[in-house]
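The sequence shown: position 6 = 2 (our numbering), numbered continuously. For each residue, glycine too, the CB sits at the ideal point set by N, CA and C. Keep in mind it's a predicted model, so treat the numbers as computed, not measured. One structure is given below, encoded as structure tokens.
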Amino acid sequence: MGHALITAGTSGLGRQVTEKFLMAGHRVTATYHRDGEKAQAVKTELAPYRDLLHTEQVDVTDKQDLTRLTEQAVNVHGGIDYLVNNAGPFIFNHKKLLDYTDGEWQEMVNGNLDAAFHLLQLTVPHMRQQQFGRIINYGFQGANHASGWPYRSAFAAAKSGLASLTKTVAAEEAPNRITANMVCPGDITGDMKEAGIDASRNVHDDTTPIGRPGTGEDIARTIMYLCDQDSDMITGAIMDITGGVDVKR
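Below, the structure written as structure tokens:
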């Protein structure tokens, strides 16, 4: 089976992605930033897969950290088949463009766009060598159309740039049997980020047209489909997974 590199794979939306890859028999390198206790707890929860799961502490805004991560991941589990750029900083407070500090702007761009660029440069050579690869980036609803998002200007600008980068890499690497796609989660919050679909069916959500909140499993299932060997006809796609809700209202 293959080797998946999943940034921020021990918490939030990445937690279910890590578990789904492990359940499918893949080796996984999952990163965390600050919460080492949570990373260790996840390793305990996933003890049946302990030989397949490796974790690394990484700051995705630091290029040297990303270089070290890739080298260590390859040393532990071999060449990288799947890259899931799940990590990405986000400013939860609503802020107009003119209210952003230079540091906040750089954090959004470095963490959501530059990090993906660096990891692509570090991992795609491994995919080329084996003539197979799957790249998954995360966006936001409407990123495919460079949609504006009031009070989220820095995040939206970075993710819209990442949408274009995803399509470009998809075109450039198609001859190497490498696909690149973007998933755009809806308004998935709190415990639902790590929850499964069955749990969400017990929670009524009248703000979402389908009537239940979105979950980390909804995102993970989509990613696993896009990463399947037979999903090679899907590349350069930007997929909204929102349950019909408009997250930018």
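Beta-bridge partners assigned by DSSP to E15: none are found. Judged by DSSP secondary structure, N71 falls outside any beta strand (DSSP E) and instead within the alpha helix (DSSP H) spanning K59 to H73. Take I215, set aside five residues on each side of it, and the residues of its chain with a beta-carbon closer than 8 Å to its own are L9, Q12, V13, V179, P181, I184 and I237, in chain order.
Across the structure, T203 and H122 are spaced so that their CA atoms are roughly 43 Å apart. Of D228, P209 and I193, the smallest CA-CA separation from H200 is found for P209. Counting only the Cα atoms, K39 lies some 7 Å from R46.
Ranked by Cα distance from Q60, the options G99, A153, H114 and G212 are led by H114. By the Cβ rule, the region 148 to 161 counts as touching the region 129 to 140, because three or more pairs are nearer than 8 Å.
In the DSSP annotation of this structure, T97 is not part of any beta strand (DSSP E), being labelled neither H nor E. In this structure, E41 is the residue among G32, R30 and E41 with its C-alpha nearest to the C-alpha of E190.
At a Cβ-Cβ threshold of 7 Å, G232 and A142 do not count as neighbours.
The alpha-carbon separation between G144 and E169 amounts to approximately 29 Å.
The beta carbon of R197 lies closer than 6 Å to those of R208 in the same chain, with the five residues before and after it left out. Under the DSSP assignment, I215 falls outside any beta strand (DSSP E), being part of the alpha helix (DSSP H) whose first and last residues are G212 to C223. The beta carbons of G32 and Q53 sit about 7 Å from each other, so the pair counts as a contact at 8 Å.
Per the C-alpha coordinates, the member of L1, S7, T3 and A0 positioned closest to D187 is S7. Residue environment for N89: exposed (fewer than 16 other C-beta atoms within 10 angstroms of its C-beta).
For I174, the enclosing beta strand (DSSP E) stretches over residues I174 to P181. Per the DSSP secondary-structure output, A0 pairs in a beta bridge with V24 and Y78. For L49, the enclosing beta strand (DSSP E) covers residues L49 to Q53. The DSSP-derived three-state label of N198 is coil.
Counting along the chain, the unbroken alpha helix (DSSP H) around R124 starts and ends at A111 to Q126.
Assignment of beta-bridge partners to D236 by DSSP yields C180. N177 has its alpha-carbon roughly 7 Å from the corresponding atom of K163. DSSP places G107 within a helical segment (H, G or I) once states are collapsed to three.
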